[in-house]
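Chemist: Here's a structure for you.
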Amino acid sequence: MPRGSHMTTRYGGLNGSFSLQIEEFQKKALEAIGQTFKDVVIQVGETLINLSPVDTGRFKANWHASLDRVESATFDDYDKGGDETIASLIAAFNDLQPGQTVYIVNNLPYAIPLEYGHSQRAPGGIVRITVARFQAIVRDAATRNKV
Numbered sequence: 206m207p208r209g210s211h212m213t214t215r216y217g218g219l220n221g222s223f224s225l226q227i228e229e230f231q232k233k234a235l236e237a238i239g240q241t242f243k244d245v246v247i248q249v250g251e252t253l254i255n256l257s258p259v260d261t262g263r264f265k266a267n268w269h270a271s272l273d274r275v276e277s278a279t280f281d282d283y284d285k286g287g288d289e290t291i292a293s294l295i296a297a298f299n300d301l302q303p304g305q306t307v308y309i310v311n312n313l314p315y316a317i318p319l320e321y322g323h324s325q326r327a328p329g330g331i332v333r334i335t336v337a338r339f340q341a342i343v344r345d346a347a348t349r350n351k352v
């Protein structure tokens with residue numbers, strides 16, 4: 206019997222499962238990264254919309270999302286509750302993939318005055334509060350999608 210052939214005879218029919226475990230972990234980790242990214246983006250968008258002060262609902266309805274490009278349009282939509290705008294945001298990110306650049310913008314001319322205290326309904330701003338909450342949003346999403 207050639208040297209080492211007893212190993213083939215003894216263990217040749219067994220498949221190592223470690224590489225399969227690594228492959229499965231990689232698959233789950235990549236899915237978790239993608240879902241975490243998506244959850245963070247959606248939560249940031251929802252926070253912006255929910256913190257937006259409401260008069261007619263136009264400001265709330267003008268939060269729009271885009272991928273890999275900055276949107277510059279404004280819209281004559283109105284959404285006092287924010288539900289339609291949040292639904293649009295979620296739909297826009299249905300195919301979101303890690304590595305894409307996400308823009309959530311509000312291009313109404315009074316967006317900056319509102320951010321800096323023009324409205325008594327949002328004296329601390331909208332974006333600034335969302336930025337302050339960002340690490341908690343990421344932590345919560347990562348915890349939910351833990352591998």
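When you read off a place in the sequence shown, starting at 1, and then add 205, the result is the number in my numbering. C-beta atoms are modelled at their ideal positions from N, C-alpha and C, and glycine is treated no differently.
1. When you compare only the Cα positions, how much space is there between Ile291 and Val310?
2. Sorted by chain position, which residues of the same chain lie with C-beta nearer than 8 Å to Ala347's C-beta, five sequence neighbours on each side aside?
3. According to DSSP, is Leu272 helix, strand or coil?
4. Give me the Cα-Cα distance between Thr252 and Thr335, rounded to the nearest whole angstrom.
5. For the pair the stretch 295-311 and the stretch 270-278, tell me if three or more CB-CB distances fall below 8 Å.
6. Would you mind sorting Lys243 into buried or exposed? The rule is 16 or more other CB atoms within 10 Å of its CB.
7. Helix or strand or just coil, what does DSSP make of Ile309?
8. Is the closest heavy atom of the ligand COA to the C-beta of Thr279 under 8 Å?
9. What is the residue span of the alpha helix (DSSP H) that Lys232 lies within?
10. Specify, as a first and last residue, the run of the alpha helix (DSSP H) that Ile295 falls within.
11. Could you give the first and the last residue of the continuous alpha helix (DSSP H) run that contains Leu319?
Modeler: Put simply:
1. Here the question's residue 291 lines up with position 86 in the sequence shown. Here the question's residue 310 lines up with position 105 in the sequence shown. Taking C-alpha positions only, Ile291 is separated from Val310 by approximately 13 Å.
2. For the purposes of this step, residue 347 is taken as the residue at position 142 of the sequence shown. Taking C-beta separations shorter than 8 Å and ignoring five residues to either side along the sequence, the partners of Ala347 in its chain run Thr241, following chain order.
3. Taking the first residue of the sequence shown as 1, we reach residue 272 at position 67. In the structure shown, Leu272 falls within a strand segment according to DSSP collapsed to helix, strand and coil.
4. Your numbering for residue 252 matches position 47 in the sequence shown. Your numbering for residue 335 matches position 130 in the sequence shown. Distance between the alpha carbons of Thr252 and Thr335 is about 6 Å.
5. Yes, since at least three Cβ pairs between the stretch 295-311 and the stretch 270-278 fall closer than 8 Å, the two stretches touch.
6. Along the sequence shown, read from residue 1 onward, the residue named residue 243 stands at position 38. Around the Cβ of Lys243, a 10 Å sphere holds 16 or more other Cβ atoms; the residue is buried.
7. Here residue 309 is taken as the residue at index 104 of the sequence shown, counted from 1. Strand, per DSSP.
8. For the ligand COA, the structure offers nothing, since it holds no ligand at all.
9. Within the sequence shown, the letter at position 27 stands for residue 232. Membership of Lys232 in the alpha helix (DSSP H) is indicated by the continuous run Phe223 to Leu256.
10. Position 90 of the sequence shown, counted from the start, is the residue given in the question as residue 295. Its alpha helix (DSSP H) spans residues Asp288 to Ala297.
11. As a working mapping, residue 319 is identified with position 114 in the sequence shown. Taken as a continuous stretch (DSSP letters only), the alpha helix (DSSP H) holding Leu319 covers Ala316 to Glu320.
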